[in-house]
Amino acid sequence: MKSKRLVLNISAKLMGGAAIFFIAFIILLIIVASGSAKIGKQSLVYYGQRIQIEDFINRVLDELNPLNGELLTISSKLGENETENYRLNTLALQQLIEKQKSIEGYSQMPAFFTKYVSEISTQLSLLSSRTLTSKSDIVEASNDLNKLSLLVGSILSEDLASAGSFGISMQDAQNQVRLRLIVLGTIMFALALIVYIIIIQSIRTSVQKTLHFADKIAQGDLTALSEVNSSDEIGQINQSLTLLKTKLFEVLQSIKDISLSIAEASNEFSAGSQLISGGASAQASSSQEISAAMEQISEVIKQSAENANETGRIARNAFDGIQIGAEHVESALAVIEDIAQKNSIIGEISYQTKILSINASVEASRAAEVGRGFAVVAEEVKRLAESTQHSASEIKFVSKKGVDLARKSANELRSLVAEFQRTTELVDEIAEASNDHISTIIQINSSLQELNNITQQNASSAEELAASSSELVKLTEQLDTLISYFSLEEKEIEDSSANVENKRSEQTTSAKEIDRLVSLSFLEEQKNSSDDGSGTFIYLGGNKKDPEINAEKEEEPVLASMIETIDQSNLINEMPIMQAEENKNAGHQKKSGTDKHKSISKGVRINLSDNDDLDSQFEKMK
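In my numbering, the protein residues as written are 67 to 688.
Encoded structure:
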């Protein structure tokens with residue numbers, strides 16, 4: 067049984083990469099929080115012990131002072147009566163020591179403290195058991211009190227020394243946490259970055275393979291195969307391209323078959339082409355309908371020109387709006403930079419506040435019990451200063467990111483300004499070209515009036531071609547339906563036309579000879595009318611300076627425009643060949659808008675649909 071693959075689309079892959087970054091960030095936060103909590107706990111325990119030690123020292127000193135006074139009193143009494151026995155009252159001090167030993171957590175106190183407390187207890191026991199009967203006893207008791215004071219001073223000295231070592235140990239612990247944060251952060255970031263790069267690289271590879279596959283199809287290589295085997299959006303695009311390639315192959319094969327059918331139908335038209343010598347009377351009314359259609363086309367082009375002008379106005383308004391947007395982005399960029407500058411001032415203030423809190427802590431430690439409350443305040447001020455400094459750093463990072471995004475937006479808006487300016491220029495060119503087309507259509511209408519006079523002679527032969535032309539129209543409609551499924555390249559059309567060109571050439575040779583004679587006769591008449599100014603000479607291609615020579619070189623285009631009315635069947639035989647030539651020329655004309663106007667200056671071309679017999683008769687009149 068095949069195992070199911072985990073299917074992820076592009077958005078899921080990108081979100082997965084982002085999730086890896088987020089998880090790495092959360093882990094780092096946990097590490098920092100745990101390290102900080104550990105350090106804070108150690109600090110809390112240490113400072114609690116220091117408070118107990120300092121409180122014990124102060125109480126012991128408070129109890130030693132009365133003992134010194136009592137010793138002086140006993141000394142004065144012994145001077146008056148040396149037969150009395152005296153003892154120092156050390157009960158309060160002994161109770162203080164026993165209470166300290168019974169406090170919870172005494173065993174976790176520093177070793178030096180428990181050691182000195184034991185020595186103080188021993189020394190105090192010795193002092194309390196001493197009987198004061200003479201001056202020498204007084205001296206020994208005084209020495210015992212001095213030893214107690216020295217032991218208390220030793221506790222204070224050891225406490226101060228431990229404070230320094232504790233600060234160093236805390237600094238070392240912070241450095242270890244910081245080092246661990248840097249090392250683990252680097253490792254996690256590197257792993258997350260590697261995963262993200264792998265995701266991006268897989269997407270990039272799939273996109274490149276898809277583009278390569280699409281380029282091969284665009285170049286006409288229908289044997290190309292997709293190299294992408296995935297179920298994400300890119301895989302779906304490749305499946306659609308594969309389906310497109312299959313459909314395109316089927317359409318081209320159908321076009322070839324239909325082209326052969328058209329060639330066979332053209333043979334039927336060849337038999338009746340010689341019977342058409344007088345022209346078709348129905349084409350007279352067709353010319354009038356074409357004139358009306360040209361007037362409608364003229365109105366449509368006028369409307370297109372107006373729409374182009376309106377589009378130009380809208381594009382200019384959009385151009386102005388984008389410029390204003392770019393100015394607003396620049397203003398926003400200046401505001402963000404100002405915020406970043408003020409944020410640096412806040413960071414400096416927080417740094418100075420932190421320095422002041424440290425100085426206050428030092429002064430509070432010097433003040434001992436009196437400055438203990440002030441030390442807590444100084445520590446809180448220090449914490450707030452550090453928090454403010456951290457927030458200022460985050461604001462600085464966000465401000466820098468905002469500046470980068472604003473600059474990127476401004477650059478993109480500048481590029482859009484240039485594109486909209488180019489769009490406005492193109493719309494103006496379209497409007498100008500539409501105006502040129504209107505004047506061209508006026509010339510075409512004038513030429514159609516001349517053509518109407520000639521087509522009056524061809525009325526008798528139109529009925530004989532009705533049945534054959536109907537069959538041909540059906541075939542061409544099927545061909546148009548298949549071709550409309552895709553937009554074919556010029557090379558593909560030329561290849562499909564070349565497959566049947568050889569078969570048609572032999573069948574149309576005799577018809578071309580007849581058409582050439584009629585065409586030359588018509589050209590001679592048009593030349594004479596053009597020379598004396600009484601008529602309009604219609605030409606296709608070539609150099610306008612010598613219409614007669616160009617007419618001889620371009621016999622088939624002239625045949626397509628005028629002999630259509632005389633020999634419809636011969637024209638249909640030549641339509642595929644002429645269509646291939648026109649498609650080839652059209653490919654060069656698409657390169658620039660100016661080439662289109664040049665083709666208009668070289669001759670008049672009319673493209674009509676195949677919806678009725680009249681239009682099909684004038685389909686190739688150009």
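Backbone N, C-alpha and C fix where the C-beta goes; we use that ideal spot for every residue, glycine too.
- Looking at R480, T276 and E372, the one whose alpha-carbon comes closest to that of I390 is R480.
- In the same chain as A290, and ignoring 5 residues on each side of it, the C-beta atoms closer than 8 Å to its own belong to F279, K282, I283 and K311, in chain order.
- For A359, the closest alpha carbon among the candidates I507, Q487, A444 and I265 is that of I507.
- Note on D404: under 16 other CB atoms within 10 angstroms of its CB, so exposed under the neighbour-count rule.
- In the structure shown, the three-state DSSP call for E293 is coil.
- For a cut-off of 8 Å, the C-beta gap from K466 to A406 is around 7 Å, short enough to register as a contact.
- For R125, the closest of L94, K462 and L159 by C-alpha to C-alpha distance is L159.
- Between the C-alpha atoms of G233 and Q115 there is a straight-line separation of about 15 Å.
- Inclusion of A371 and N501 in the CB contact set at 8 Å is warranted, their separation being smaller than that value.
- Counting along the chain, Y172 sits inside no alpha helix (DSSP H), nor does DSSP assign it H or E at all.
- An exposed status is given to N425, since fewer than 16 other beta-carbon atoms sit within 10 Å of its beta-carbon.
- In the DSSP annotation of this structure, T156 is not part of any alpha helix (DSSP H), being labelled neither H nor E.
- Under the DSSP assignment, D225 falls in the alpha helix (DSSP H) whose first and last residues are K201 to A284.
- Of the candidates R196, L307 and Y112, R196 places its Cα closest to the Cα of I140.
- Per DSSP, the continuous alpha helix (DSSP H) segment holding L193 begins and ends at A177 to S195.
- By the Cβ rule, the stretch 249-259 counts as touching the stretch 87-103, because three or more pairs are nearer than 8 Å.
- From the listed residues L314, E393, I461 and V447, the smallest Cα separation to Q418 is found for V447.
- Taking a C-beta distance under 8 Å as the contact criterion, V294 and T276 qualify as a contact pair.
- Beyond the five residues adjoining it in sequence on each side, V493 comes within less than 7 Å, by CB distance, of A374, T377, G378 and A381 in the same chain, given in chain order.
- Comparing alpha-carbon positions, the option among S423, A103, S397 and V428 lying closest to R473 turns out to be S397.
- Looking at Q189, V483, K167 and Q161, the one whose alpha-carbon comes closest to that of Q118 is K167.
- In the structure shown, A433 falls within a coil segment according to DSSP collapsed to helix, strand and coil.
- In the pairwise beta carbon analysis, the stretch 127-136 is classified as not touching the stretch 170-188: fewer than three pairs are separated by under 8 Å.
- When secondary structure is reduced to three states using DSSP, D128 falls in the helix class.
- The straight-line gap separating the alpha-carbon atoms of S459 and R246 is approximately 21 Å.
- Taking C-beta separations shorter than 8 Å and ignoring five residues to either side along the sequence, the partners of N409 in its chain run A458, I461, K462 and S465, following chain order.
- Per the coordinates, the alpha-carbon of L318 lies some 13 Å from the alpha-carbon of L326.
- Going by C-alpha positions, S513 is about 10 Å away from N519.
- Excluding sequence positions up to five before and after E185, its CB lies within less than 7 Å of the CB of L217, all in the same chain and listed in chain order.
- Residue environment analysis places A207 among the buried positions, since at least 16 neighbouring C-beta atoms fall within 10 angstroms of its C-beta.
- The straight-line gap separating the alpha-carbon atoms of E224 and L214 is approximately 15 Å.
- With distances taken between CA atoms, G387 lies nearest to F486 out of F486, T156 and R244.
- Secondary structure of L514 (DSSP, three-state): helix.
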